[in-house]
């Protein structure tokens, strides 16, 4: 099975900061990587799919990139609404794997 | 408006059974794969099971294989998850989510239903 290693597990930042979350796959997954945002008590929300395609309605301060088996989610300028938990996710024909999650906290 | 609404959660004893349902509306249900994802209290997301649009392809996580059965009724726009031999570690909020094939991601989610396995 493909493993997804997400880091950091917790990130403290301030409004206006640029932050990056990383997800590393245990083997090549092409660009089949999605990012979700989840707030307490709510369902996850799709932000990015195919590593870098922004889901409709998601603010442009969110971006995704890929280099080999390493994927990054970048928030260019943190807004108060962005403090949440973020998950990466890989989806192939036989299995689907989530990263462990990154909790983005207010510094 | 796309909507997915889960139901059927509740308290069940270890070894017991429960059937979750997911009612879909606002899109052509028969065109989409659907997935169940769960989240134990205070934990991360865990994929549980997926079913293709015509039920031709069904997949399960190793943690539920042989105990859970996913099914769908495209005429009724509904999805079920039959859960048997439930364990304490199955305690979680269960979400159904839509999975467009071209995205390989879940673009719409239900609000979730809580399953608690406890004596």
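Protein chains in written order, with the numbering used here: chain A, 3 to 109; chain B, 644 to 762.
Note that CB positions come from ideal geometry on N, CA and C, so glycine has one too.
Give me, in chain order, the residues of the same chain whose beta-carbon lies closer than 6 Å to that of residue i; leave out the 5 immediate sequence neighbours on both sides.
| i | result |
| --- | --- |
| residue 72 of chain A | 26 |
| residue 655 of chain B | 661, 729, 760 |
| residue 28 of chain A | 4, 5 |
| residue 644 of chain B | 669 |
| residue 24 of chain A | 9, 74 |
| residue 65 of chain A | 76 |
Starting from residue i, follow the beta strand (DSSP E) in both directions and report where the run begins and ends.
| i | result |
| --- | --- |
| residue 38 of chain A | 35-40 |
| residue 661 of chain B | 661-668 |
| residue 653 of chain B | 653-655 |
| residue 648 of chain B | 646-650 |
| residue 51 of chain A | 47-51 |
| residue 19 of chain A | No beta strand (DSSP E) holds residue 19 of chain A; DSSP gives it neither H nor E. |
| residue 711 of chain B | 711-716 |
| residue 622 of chain B | Residue 622 of chain B lies beyond the range of chain B shown here (644 to 762); nothing can be said about it. |
Would you list the one or two residues that DSSP bridges to residue i?
| i | result |
| --- | --- |
| residue 677 of chain B | B:694, B:741 |
| residue 27 of chain A | A:6 |
| residue 756 of chain B | B:737 |
| residue 66 of chain A | A:75 |
| residue 88 of chain A | A:39, A:104 |
| residue 671 of chain B | DSSP lists no partner for residue 671 of chain B. |
| residue 13 of chain A | A:106 |
| residue 689 of chain B | B:681 |
| residue 721 of chain B | B:666, B:716 |
| residue 96 of chain A | Answer is none; residue 96 of chain A lacks a bridge partner. |
| residue 80 of chain A | According to DSSP, residue 80 of chain A bridges with nothing at all. |
Of the choices the options, whose alpha-carbon is the least far from that of residue i?
| i | options | result |
| --- | --- | --- |
| residue 8 of chain A | B:688, B:739, B:705 | B:688 |
| residue 110 of chain A | A:21, A:85, A:55, A:77 | Not covered by the structure: residue 110 of chain A. The range shown for chain A is 3 to 109. |
| residue 657 of chain B | B:732, B:663, B:676, B:697 | B:732 |
| residue 737 of chain B | A:46, A:99, A:68 | A:46 |
| residue 91 of chain A | A:42, A:43, A:50 | A:50 |
| residue 716 of chain B | B:725, B:697, B:663 | B:697 |
| residue 752 of chain B | A:102, A:22, A:48 | A:48 |
Might you give, ordered along the chain, the residues of its own chain that have their beta carbon closer than 7 Å to the beta carbon of residue i, omitting 5 neighbours on each side?
| i | result |
| --- | --- |
| residue 10 of chain A | 104 |
| residue 743 of chain B | 675, 750 |
| residue 41 of chain A | 86 |
Query raised in the report: Between the segment 744-755 of chain B and the segment 21-41 of chain A, do three or more beta carbon pairs fall short of 8 Å?
Result: Touching, per the Cβ criterion.
Query raised in the report: How do the segment 712-721 of chain B and the segment 657-676 of chain B stand: do at least 3 beta-carbon pairs fall below 8 Å, yes or no?
Result: yes
**Report entry** the segment 76-85 of chain A touching the segment 675-687 of chain B, judged by at least three CB pairs closer than 8 Å
**Finding:** no
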